[in-house]
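Peer 1: Handing you a structure now.
Number of protein chains: 2
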Amino acid sequence: MTRKNAFYAQSGGVTAVINASACGVIETARKHRDKIGKVYAGRNGIIGALTEDLIDTSKETATAIAALHHTPAGAFGSCRYKLKGLDENRREYERLIEVFEAHDIGYFFYNGGGDSADTCLKVSQLSERMGYPIQAIHVPKTVDNDLPITDNCPGFGSVAKYIAVSTLEASFDVASMAKTSTKVFVLEVMGRHAGWIAAAGGLAAGEPYNLPIVILFPEIPFDQDKFLARVEEMVQRHGYCSVVVSEGVRGPDGKFLSDQGMRDAFGHAQLGGVAPVVAGIVKEGLGYKYHWGVADYLQRAARHIASKTDVEQAYAMGQAAVRLALQGNNAVMPTIERRSNKPYRWGVGTAPLKKVANVEKMMPRSFITRDGFGITEKCRDYLAPLIKGEDYPPFRNGLPRYIRLKNQAVPKKLPPFELK
Amino acid sequence: MTRKNAFYAQSGGVTAVINASACGVIETARKHRDKIGKVYAGRNGIIGALTEDLIDTSKETATAIAALHHTPAGAFGSCRYKLKGLDENRREYERLIEVFEAHDIGYFFYNGGGDSADTCLKVSQLSERMGYPIQAIHVPKTVDNDLPITDNCPGFGSVAKYIAVSTLEASFDVASMAKTSTKVFVLEVMGRHAGWIAAAGGLAAGEPYNLPIVILFPEIPFDQDKFLARVEEMVQRHGYCSVVVSEGVRGPDGKFLSDQGMRDAFGHAQLGGVAPVVAGIVKEGLGYKYHWGVADYLQRAARHIASKTDVEQAYAMGQAAVRLALQGNNAVMPTIERRSNKPYRWGVGTAPLKKVANVEKMMPRSFITRDGFGITEKCRDYLAPLIKGEDYPPFRNGLPRYIRLKNQAVPKKLPPFELK
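This is how it looks when you write it as structure tokens:
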């Protein structure tokens, strides 16, 4: 095996722990200098490869790389950019080969979700279809938890923990206020297609707190009458209620509930969130005073309350990706395998990329209660271990000490390339 | 000094640390059983006193009371209810005296903000004007940080820490996405009248991060052209920008920016937040892709990321309130006195309630940069120590272990009372 450089890049929406995977890739590669020369990171994902905008991670100290372990978001920049098929845009693939050749790159690590797995799969085909020897390994990551085969996705556990903790805390708040003021709190969470994140709000509805929480899943068409009846029942019984609503909830007409054709006084369309819509429905239907919040980026960037399990798994996926490469694999992705539930034990498996790319894993219907507003014991058993453990970043002067790398560019050797 | 029971209640919007003050009151009272018999908590603030709905805190174990130290929100329930003047509603004051007499209450501890200080002041006058001997001590609390005399208010430091940490984390996120996706992130924070909480977002704009953050204060009338120019400058220089906007920002016409006369497709008025409005202005004016979040209750309930300084001060205020009572005071409030900045040192002072009630402390103009979009060094020096230190709650199975007390009612001795 000759020594080759590696390319690593981050893709799609970032997470609290994607840099822990980067840390796993880089630290493990550094332990195998006989086989892996330098790790070049793509600045802004695959775009960095296409534009030959490479970052030389060997310029970073071991301490700086170790600090990626506790730093949220994408240290090298991410991108939303999907490679077209080889036949549709051959030019991009030829460019990738030029860049890889110019920088002696033989390993391609791509850290992302379903779309990115597709990009990684396409790159893996360079070997076979264009004769350039490359090993492409996908490193799983997505807060949406919707990759197939792997038991769960790095990034999800920390969002789930953030949403569970926030729902718990906000519910304590509204419980205190309910006598004379707010009775219903609505929290909007991410999840366009799958309700995994919303489901995490249900963890506060279980033991030991048993809080009155109504969940609105994208999997369940919104039924206004049933919803209002459920909220009313909760308020009558507990005095208050929290609603966790997925951004992707749709009405019976199939349209997003957030897409209410809202207009300002001047008639301009406003893209609102779903939380104010749901809060408005509660106010109009039941007359209760409400508050609403939208977690948005806060939920997926919240490294300060990351799940220890999630951080460990994210690191392990980076580590495993390098091991898979060193074992000669191409077009694969390391996975998390659940070995047992109580006690929770997990290990690392492998999945072929062609079974991963563009496949979305939805919430099983058996994870949602029959009435559609809560999670089942089965779902709770699945989620609980994923939020377990705390892994606090170091703090200084009251703020987390997150690392910003030097991100020094590798000198370019090729003419510029225009992205289409 | 004869032995008397004490009444304690929580009032107004709750915080991450108001229960730490409750803990300070109850633990300190328990050390002085010769002078203070039982501590009765009002269920839902002053309403508990009026309706004789008292909670016997002596039924709680020392461990349960100690757990209040790390439990957010109001353990006994809060209220938004302001006593009218003695001449306007004499009936309420007579009822208070009846309840206090029936339960042998000689100490009144009221834990709240400016409005609550007014209620506490009115109760303190029972002694002088109605001949019932009571010592009324106000325990300061408000996330708005707008009480006068005290250097800062318990509850504020933890919100400030949450907003500073969240702004930092979300900024890391948007920085990763900016190349091909979101360039501007807008975070809405509390603060109807004063920009203290919004100012905390500015802590991430200082050393060591120097992030591009634009703050919109309620103190500064919104100037759309200047705002867009500032955002554009940030995006040009850094590639992205975060905006922290106070819910109380008003346009040049004096109207809340959030009050845009938004209507849904059916013409129903929607009470929106200010974040989507600001995001819409950015999109329309600059065309950048944006994301927005609304922290709402999450910010003030976030005990998981409370400031250690804040927790200590909240506890100290509860402690000091009892000491002031034992020293024979009436109509006073313990205060936080800043003794030095570097190193930060603070002590406990005292303020007469008549100088506290209904007085709002605004942000000094010298705390806001000349352009109106940032905080000055002076403001940073003021804020920095208040977010210092972490004070994590214990966790179990991935969730904080917050206490819910038994809240056992004291048997009623009086006929019911109708609230007006």
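Protein sequence lines correspond, in order, to chains F and C. Anchor point for the first sequence: position 195 equals 195 in our numbering, and the numbering is continuous, going up by one each time. If you want our numbering, it's the 1-based position in the second sequence plus 420. Yeah, the Cβ is synthetic: ideal placement off N, Cα and C, and Gly gets one too. Here the structure is a predicted model, which is why all the values come from computation and not from measurement.
1. Please list, in chain order, the residues of the stretch 568–595 of chain C that have any C-beta partner in chain F closer than 8 Å.
2. If we call anything under 8 Å between Cβ atoms a contact, is residue 300 of chain F one with residue 248 of chain F?
3. Return no unless some Cβ of chain C is closer than 8 Å to the Cβ of residue 14 of chain F.
4. Would you say residue 79 of chain F lies against chain C (beta-carbon separation less than 8 Å)?
5. Alpha carbon to alpha carbon, how far is residue 417 of chain F from residue 95 of chain F?
6. Classify residue 674 of chain C: buried if its beta carbon has 16 or more other beta carbons within 10 angstroms, exposed otherwise.
7. Just the chain F side, please: which residues come within less than 9 Å of residue 820 of chain C by C-beta, in chain order?
8. Quick one: is residue 815 of chain C near chain F, going by C-beta distance under 8 Å?
9. Mind checking residue 408 of chain F: buried by the 16 CB within 10 Å criterion, or exposed?
10. How big is the Cα-Cα spacing for residue 761 of chain C and residue 623 of chain C?
11. List in chain order: all unbroken beta strand (DSSP E) runs of 3+ residues lying wholly within the stretch 487–511 of chain C.
12. Anything in chain F within Cβ reach of residue 417 of chain C, meaning under 7 Å, just list it in chain order.
13. Once DSSP output is grouped into helix, strand and coil, what is the label at residue 106 of chain F?
14. Could you list which residues in chain F have their beta carbon closer than 9 Å to that of residue 516 of chain C, in chain order?
15. Quick check on residue 245 of chain F: does DSSP put it in helix, strand or coil?
16. Interface residues of chain C around residue 185 of chain F at Cβ under 9 Å?
17. Between the Cα of residue 93 of chain F and those of F/415, F/174, F/126, F/120, spot the shortest distance and give me the residue it belongs to.
18. Suppose you measure from the CA of residue 635 of chain C to the CA of residue 618 of chain C; what does that come to, to the nearest Å?
19. Taking only runs that begin and end inside the stretch 28–68 of chain F, name each unbroken beta strand (DSSP E) of 3 or more residues, in chain order.
20. Taking residue 722 of chain C as part of the beta strand (DSSP E), name the residues at either end of that continuous run.
21. Are the CB atoms of residue 159 of chain F and residue 422 of chain F within a distance shorter than 8 Å?
22. For the structure I just gave you, are there three or more beta carbon pairs, one from the stretch 96–103 of chain F and one from the stretch 323–339 of chain F, closer than 8 Å?
23. In angstroms, rounded to a whole number, what distance separates the CA positions of residue 525 of chain C and residue 447 of chain C?
24. Roughly how many angstroms lie between the CA atoms of residue 824 of chain C and residue 344 of chain F, to the nearest whole one?
25. Between which residues of its own chain and residue 472 of chain C is the CB-CB distance below 6 Å, once the five residues before and five after are set aside?
26. Would you kindly report the start and end of the unbroken beta strand (DSSP E) that includes residue 426 of chain C?
27. Quick one: grab the DSSP three-state call for residue 760 of chain C.
28. Would you say residue 44 of chain F lies against chain C (beta-carbon separation less than 8 Å)?
29. Which whole-angstrom value describes the C-beta separation of residue 195 of chain F and residue 15 of chain F, a residue pair presumed to lie in contact below a C-beta threshold of 8 Å?
30. Whole-angstrom Cβ separation of residue 671 of chain C and residue 641 of chain C, contact assumed at under 8 Å?
31. For residue 169 of chain F versus residue 294 of chain F, is the C-beta spacing smaller than 8 Å?
32. I'd like to know if residue 138 of chain F contacts chain C, where contact means its C-beta is closer than 8 Å to some C-beta of that chain.
33. Would you list, in chain order, the members of the stretch 194–207 of chain F that have their beta-carbon closer than 8 Å to a beta-carbon of chain C?
34. Within its chain, find whatever has a CB closer than 7 Å to the CB of residue 162 of chain F; leave out the 5 residues flanking it on each side and keep chain order.
35. Measure the C-alpha to C-alpha separation of residue 54 of chain F and residue 39 of chain F and round it to an integer number of angstroms.
36. Beta-carbon separation of residue 773 of chain C and residue 536 of chain C under 8 Å?
Peer 2: This is what the structure gives:
1. Cβ proximity to chain F below 8 Å picks out 581, 584, 585, 586, 588, 589, 590, 592, 593, 594, 595 from the stretch 568–595 of chain C.
2. Against a cut-off of 8 Å, the Cβ pair of residue 248 of chain F and residue 300 of chain F comes out as no contact.
3. Chain C contact via Cβ: present.
4. For residue 79 of chain F, at least one C-beta of chain C is nearer than 8 Å to its own C-beta.
5. When rounded, the separation of the alpha-carbon atoms in residue 417 of chain F and residue 95 of chain F is 8 Å.
6. It is exposed - the Cβ of residue 674 of chain C has fewer than 16 other Cβ atoms within 10 Å.
7. The answer, in chain order, is 165, 168, 169.
8. Yes, because at least one Cβ of chain F sits closer than 8 Å to the Cβ of residue 815 of chain C.
9. Note on residue 408 of chain F: under 16 other CB atoms within 10 angstroms of its CB, so exposed under the neighbour-count rule.
10. C-alpha separation (whole angstroms): 16 Å.
11. DSSP runs (the beta strand (DSSP E)) wholly in the stretch 487–511 of chain C: none.
12. The shown model of chain C, from 421 to 840, leaves out residue 417 of chain C, and the question about it has no answer.
13. Under the three-state reduction of DSSP output, residue 106 of chain F falls in the strand class.
14. Within 9 Å Cβ-Cβ: nothing; residue 516 of chain C doesn't reach chain F, min ~17 Å.
15. Three-state DSSP puts residue 245 of chain F in a strand.
16. Simply 716, 717.
17. It is F/126.
18. The straight-line gap from Cα to Cα measures roughly 7 Å.
19. If we require 3 residues or more, the beta strand (DSSP E) runs fully inside the stretch 28–68 of chain F come out as 36–42, 54–56.
20. Here residue 722 of chain C belongs to no beta strand (DSSP E), and DSSP marks it neither H nor E.
21. Limits of chain F in this structure are 1 at one end and 420 at the other, which puts residue 422 of chain F out of reach.
22. At 8 Å Cβ cutoff, the stretches do not touch.
23. The alpha-carbon atoms of residue 525 of chain C and residue 447 of chain C are separated by roughly 18 Å.
24. Taking the straight line from one Cα to the other gives about 28 Å.
25. Cβ neighbours of residue 472 of chain C beyond the five flanking positions: 519, 832, 834.
26. Residue range 424–430 is occupied by the beta strand (DSSP E) that includes residue 426 of chain C.
27. Residue state, collapsed to three classes: strand.
28. At least one chain C Cβ lies under 8 Å of residue 44 of chain F.
29. Not confirmed; about 18 Å, so no contact.
30. Yes, residue 671 of chain C and residue 641 of chain C are in contact; Cβ-Cβ is about 7 Å, under 8 Å.
31. The answer is no: Cβ separation not under 8 Å.
32. The beta-carbon of residue 138 of chain F is placed no less than 8 Å from the nearest beta-carbon of chain C.
33. Listed in sequence order: 203, 204.
34. 299, 302, 305.
35. Cα to Cα, residue 54 of chain F sits roughly 10 Å from residue 39 of chain F.
36. Contact flag unset, no.
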